[in-house]
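Going down the list, the sequences are from chains X, L and W.
Here the numbering used here is used: position 4 in the first sequence is 4, and no number is missing along the way.
Here the numbering used here is used: position 167 in the second sequence is 167, and no number is missing along the way.
Here the numbering used here is used: position 488 in the third sequence is 488, and no number is missing along the way.
Here a beta-carbon is modelled for each residue, glycine too, at the ideal position from N, C-alpha and C.
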Amino acid sequence: MLALQILIDGFAIGALYALGATGFTLIFGVSGVLNLCHGALMVAAAVAAWAAHTEGAMNSLASAAVGLAVSVALALATFRLVVRPIQRSPAVRAEEREIFILTATLLWGILIQEAIASLFTSNAKTVPPLIGGVTLLLGVRIPRNEILTAILCWAVIGVLWLWVNRTRTGKAVLAASMNSRGVILLGIDLSRIHVAVWAVYGLLAGVAGVLLGMFLGVSSYSVGPLTASAFSIVVLGGLGSVYGSIVAAYAVGYLETMTAYLVSPAYRFIPALLLLVTVMYVRPHGLLGRR
Amino acid sequence: MAGTSPVRPFWPVLAILALAAFLPFRVSGYVLGLLTLAYYFGVFAMAWDLLFGFANEVNFGTTFLIGVGAYSAGILDNRYGLPIWACIAAGTAIAVIGGLILALPALRVSGPYFGLTTLVAVLLLQNFVVIFSGVTGGEIGLVVPDVITTDAAGNYWIALALLAASGVILTTLSRSAVGLILQASGQDRIQAAALGFNVTRHKLVAFSVSALFSGLAGSFMVFYMGTASIGTLIDITIGVQIIIAAVLGGRRTIIGAAFGAIFLIGLTEILRPIGEVATFIVSAVALVVVILAPNGLTGMVARKAPP
Amino acid sequence: MSTGLPPLLSVCGLTKRFGGLTAVNKVDFALWPGEILGLIGPNGSGKSTLVKLLMGIEQPSDGSIRFDGAEIAGLSTHLVARRGIGIVFQHSRPLERQTVIETILLGLLPDSLFHLSISAEHRARARAIAEKVGLGAVLDRRPSTLSFADLRRLELAKALARDPKVLLIDEPFAGLTASECAEFSALFREQRSQGKAILLVDHNVRTVAALVDRVIALCLGERIAEGKPVDVMRNEAVRRVYLGGAIEASPRNGSGGAGAAPLLELRDVGVRYGKALAVDQANLTVGENEFVSLVGINGAGKTSLFNAITGFVPYSGEILWRGQPVKGLSAVRVARLGISHCPETRELFGDMSVRENLDLGGQRRSKAESDDRLDWMFELFPILKSRQKQNASTLSGGEQQMLAIARALMTDPQLLILDEPTLGLAPIILEQLSKALDALRQTGKVGVLLGEQNVTFALPHADRIHVMDRGRMTWQGSPDRFVHEAGAKYLL
């Protein structure tokens, strides 16, 4: 029974991590940006959903929609106000651009975090689940929303895959991540692609944030750890590799769940961190990373 | 070396130092305390600037090195009751070793991977401290029984001395022959190698020197504050503030970083009465500077001087 | 030169493979003190890789490099440098924050961690070296304020500071005026007379014939000729590489293009990269459905010119498309005007299939139009049809080139700009490409501007020929006139 519990919980957590990490990797692969306000976007979505429900008296679905809208808006704002000015700034040398963007997005994340704390206090908040109640799966009692979480995460990842591989815009995005010059040569407008990618990223982060808010709850203090966990997973899987991110997300998710159940919840982060350290020494570019 | 990077002439700096040394006779204990912290922060920022400006490697994890040094020193005092100077020396040495351990994987990669590696190191340290809370005091923090002195002026002078000594050593290093080699290694690795220099070894040295000063100042700070905790030493926001200080002051000038640190701490303090929004404003200002004026204050000054 | 004395540098069976591509293939040669050996070859011949192998910047897959009696293949760069091999890089890479004298001093410093101060003796030597190369007047200036020629002098000074026994010089003359070339040549001769061994890399024999004692010619990674300059210039294999075989004008049908409405006009276009003048006062017209070939060796400026036309680099002068100036338009806008650029680097989407690459080309059209064009592309390049599901990165060089051209054509352009399509391709592929270009020309729907070093490939389809040399347009006329007038002279 315990094994099944671990299997199912780990799957749900892994799915959540995978969604968050996929967004992070997408932005890096296409925009070349290591977005360190990732956690802030997720928390903003969750808190917005919570506020819509608690103070706006909306039902859980409408609240979730509000959360998504907020994260998309913030993502686009990140692109226009923070990332793009630095990318275009003549004062920053090309090789320093990445680190400036890293620092700027980190600061921006802190700004958002402070704003959330001052507007809504830094207490933990839970987003109302889309479906209530508990069900039996393979003889284990699981909250229905947890199953929904796993399904939704994978559905979103699936839709993303379809978008990238089957639609014209999506394929242009994929091509841009491989060779941006090639895309320009074909007369495809790169700036529109960037906007599309950031909007999609906002959506991904928003879904992950809202679902996390339902699953475990968030507070403004979660911003740092969420960003940290996302980029640890992405570094583990290899920057720029979506498959790597998903594999790493599940590796981390299962390691955490197993440790929490079998050893102690307090130590659940340790094995994942040890794995990360090992990979950094042995394969610094990540399990499936290119470059 | 004559004719090196745009640098403040020697005499004004000496004058400022002399002025600073006399402050305790004129200024309140509260301001002294603030400046003491600012001076330690200044050493952190200068150490970062050495690494970034001259070896072209951004070290997000100066915080890692500060944490390692400070906690080592603190734990040695807390558990084993070693004399303060021994704790500080040991803390510094352990920080240097920590720097080398970090450098090994970090130097094999470049660009964003390097930044991430150093960030991950900080996370690992944070978790390490929490997990072994029996020894480290966990999230509550570590209480350090001994302090160097309780006299505000005394602490101030110690911090000022450290700042001045670090400034002199780091600036001399950066303008020496070794500094020139470091600059070359950072700007163009292949060219430096083609001129016969073992780039990896030089970058390791840059790492170690940065670690030494970070660990040293961190250890001193522990015995000034009497405590060590994650929030004050191993927080990513602190790492960012160090970078901001160095950028504000002007990268690659070493001394600029010290001024940037003092400015930043001063600004935060001045805005404190406003309340929570203060952090927001400081971060916002920093963000704007990073975006619009990446050459910082000395950069703006230097632009007026001939190249 | 050599008389029974062992060579200073001796390379045997040197090979370098990058995955499936063999960049350097079993190359042998030797270098003696007191001589200048020329290493020539077109782009893609492996000369840059060879130089990197010698300097330890790349590690060889096979073979040996013996220097001064010891094996050095596989040593890292700084160790190679300390043994006495120096390099003058092709592209100036100055240290932006250091002055001239500081940069030269760097070359004089020992690789020590404890060396803090710089001795007066070092300074004096640095000054002497600066004077020798002609930088005496700019000792305290930083690279951003130096002229192009001075930056090249600084590169040389850096290398000379180490007083190496072997000097590797990579394409030193690009971008220099005639008098500057003479000055540099004199410096090289001086180094030779002091007993140094010099390996001088360049694109073709003509520029270095007067300077070098011997020449080695590379093509596709292999040594194809060796000997005195004048012998190598007459060598059949070498001539084939540079000229593509016997030059003959092939009969063309179709309109001569004269009198057709001008599609693209360039007026006194100039392109600068920092200090280097890549294109100087270029004038060119391409009429509707005309086929214009721009011939010139690598480094002549064709790519820079094309990048200016397609909006990737800024330029001086005027470029008009259908009478309208296009300066300042972004590259995307220029592409949407109907100009399709197929660059030397091809810029394919390696992890996508052939079909996906082509579909991306047709993205801006409706699905029906795109499918129609796709059918036409498969007719022009049947091999692409059979490989449509394959990933672009797994195609051979020739197939990749065809894919690049087909993808460019999928955008339904009015003008196709082709940059060095034959680079690195085997002759049999060239035939296929030539046939495809012919078929394209017969349709009369697209104007073509072809930049090529391979004259035999460039001639048959062209309505007009322009010749480009060191950034300037030096000749233009019909293909027949080209055969009679310019012919072999411009290359060798």
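Residue burial classification, residue i (beta-carbon count within 10 angstroms, cutoff 16)
{"i": "proline 128/X", "result": "buried"}
{"i": "histidine 53/X", "result": "buried"}
{"i": "tryptophan 535/W", "result": "Here chain W has residues from 1 to 492 only, and residue 535/W is not among them."}
{"i": "glycine 256/W", "result": "Any reading at glycine 256/W needs caution, since the residue's pLDDT is 48, under 50, leaving its predicted position unreliable; the model's value is listed next. Exposed, because fewer than 16 other Cβ atoms sit within 10 Å of the Cβ of glycine 256/W."}
{"i": "valine 178/L", "result": "buried"}
{"i": "threonine 145/W", "result": "exposed"}
{"i": "leucine 41/X", "result": "buried"}
{"i": "glycine 3/L", "result": "For glycine 3/L, the predicted structure reports a pLDDT of 35, less than 50, and the residue's modelled location is therefore unreliable. The matter cannot be settled from this model."}
{"i": "lysine 435/W", "result": "exposed"}
{"i": "arginine 234/W", "result": "exposed"}
{"i": "isoleucine 493/W", "result": "The requested residue 493/W does not occur in the structure, where chain W is confined to residues 1 to 492."}
{"i": "isoleucine 151/X", "result": "exposed"}
{"i": "alanine 103/L", "result": "buried"}
{"i": "phenylalanine 79/X", "result": "buried"}
{"i": "tyrosine 273/W", "result": "exposed"}
{"i": "valine 100/W", "result": "buried"}
{"i": "alanine 16/L", "result": "The sequence shown places isoleucine at residue 16/L, rather than the alanine named in the question. When all chains shown are included, isoleucine 16/L counts as exposed."}
{"i": "glutamate 171/W", "result": "buried"}
{"i": "lysine 367/W", "result": "exposed"}
{"i": "glycine 115/L", "result": "buried"}
{"i": "threonine 278/X", "result": "exposed"}
Which residues DSSP lists as bridging residue i, in chain order
{"i": "methionine 225/L", "result": "Beta-bridge pairing links methionine 225/L to no other residue."}
{"i": "histidine 285/X", "result": "Looking at the DSSP assignment, histidine 285/X forms no beta bridge with any residue, so it has no partner."}
{"i": "serine 293/W", "result": "Leu450/W, Ile465/W"}
{"i": "arginine 141/X", "result": "Leu136/X"}
{"i": "tyrosine 315/W", "result": "None, per the DSSP bridge assignment."}
{"i": "isoleucine 234/L", "result": "Answer by DSSP bridge pairing: none, since isoleucine 234/L is not bridged."}
{"i": "glutamate 183/W", "result": "Glutamate 183/W is not bridged to any residue."}
{"i": "histidine 341/W", "result": "Ile417/W"}
{"i": "alanine 197/W", "result": "Glu35/W, Val166/W"}
{"i": "leucine 142/L", "result": "Ala228/L"}
Segment limits, alpha helix (DSSP H) that includes residue i
{"i": "alanine 23/W", "result": "Looking at the DSSP string, alanine 23/W is not in any alpha helix (DSSP H); the run it does join, the beta strand (DSSP E), is 21-31."}
{"i": "valine 43/X", "result": "38-54"}
{"i": "threonine 62/L", "result": "62-80"}
{"i": "glutamine 363/W", "result": "Counting along the chain, glutamine 363/W falls outside any alpha helix (DSSP H), and DSSP gives it neither H nor E."}
{"i": "arginine 214/W", "result": "Segment 214-219 is the beta strand (DSSP E) holding arginine 214/W; no alpha helix (DSSP H) there."}
{"i": "glutamate 155/W", "result": "148-161"}
{"i": "serine 245/X", "result": "242-262"}
Where the beta strand (DSSP E) through residue i begins and ends
{"i": "arginine 299/X", "result": "Here chain X covers residues 1 to 291 and nothing more, so residue 299/X does not appear."}
{"i": "leucine 418/W", "result": "415-419"}
{"i": "leucine 266/W", "result": "262-273"}
{"i": "valine 286/W", "result": "276-287"}
{"i": "glycine 13/W", "result": "9-18"}
{"i": "isoleucine 473/W", "result": "For clarity, residue 473/W is methionine in the given sequence; the question names isoleucine instead. Segment 472-477, the beta strand (DSSP E) holding methionine 473/W."}
Presumed contact (8 Å Cβ cut-off) between residue i and residue j, rounded CB distance
{"i": "glycine 447/W", "j": "glutamine 414/W", "result": "6 Å"}
{"i": "tyrosine 250/X", "j": "alanine 18/X", "result": "7 Å"}
{"i": "leucine 168/W", "j": "serine 45/W", "result": "With a Cβ gap of about 16 Å, leucine 168/W and serine 45/W do not count as contacting."}
{"i": "alanine 89/L", "j": "alanine 228/L", "result": "Not a contact, Cβ separation roughly 17 Å."}
Identify each residue in the segment 155-187 of chain L for which the Cβ-Cβ distance to at least one residue of chain W is less than 7 Å, and report them in chain order.
-> Listed in sequence order: Ser176, Ala177, Val178, Leu180, Ile181, Gln183, Ala184, Gln187.
Which residues, in order along the segment 105-130 of chain X, keep a beta-carbon less than 8 Å from a beta-carbon of chain L?
-> From the segment 105-130 of chain X, only Leu106, Leu107, Trp108, Ile110, Leu111, Glu114, Ala115, Ala117, Ser118 have a Cβ closer than 8 Å to chain L.
Near-chain L residues of the segment 57-83 of chain X (beta-carbon distance less than 9 Å), N- to C-terminal order | Within the segment 57-83 of chain X, the qualifying residues are Leu81, Val82.
Listed from N- to C-terminal order along the chain, which residues in the segment 185-216 of chain X have their beta-carbon within a distance smaller than 9 Å of any beta-carbon of chain W?
-> Within the segment 185-216 of chain X, the qualifying residues are Leu185, Leu186, Gly187, Ile188, Asp189, Leu190, Ser191.
Contact residues within the segment 204-224 of chain W, judged by C-beta distance below 7 Å to chain X = So nothing in the stretch comes that close.
Using a Cβ-Cβ cut-off of less than 9 Å, list which residues of the segment 313-336 of chain W approach chain X; keep chain order.
-> Taking 9 Å as the Cβ-Cβ cut-off against chain X, the residues of the segment 313-336 of chain W that qualify are Ser330, Ala331, Val332, Arg333, Val334, Ala335, Arg336.
Report the residues of the segment 10-26 of chain X with a CB closer than 8 Å to any CB of chain L, ordered along the chain.
-> Residues passing the 8 Å Cβ filter: none.
Looking at chain L, which residues of the segment 68-93 of chain W have a Cβ within less than 8 Å of any of its Cβ atoms?
-> So the list reads Ser76, Thr77, His78, Ala81, Arg82, Gly86, Ile87, Phe89, Arg93, given in the order they occur along the chain.
Relative to chain X, which residues along the segment 349-373 of chain W have a C-beta separation below 7 Å, given in chain order?
-> Residues of the segment 349-373 of chain W with a C-beta atom less than 7 Å from some C-beta of chain X are Phe349, Gly350, Asp351, Met352, Glu356, Leu360, Gly361, Gln363, Arg364, listed in chain order.
Identify each residue in the segment 92-119 of chain W for which the Cβ-Cβ distance to at least one residue of chain L is less than 9 Å, and report them in chain order.
-> For the segment 92-119 of chain W, which is checked against every Cβ of chain L, the residues closer than 9 Å are Arg93, Pro94, Leu95, Glu96, Arg97, Gln98, Thr99, Ile101, Glu102, Thr103, Leu105, Leu106, Gly107, Leu109, Pro110, Asp111, Ser112, Leu113, Phe114, His115, Leu116, Ser117, Ile118.
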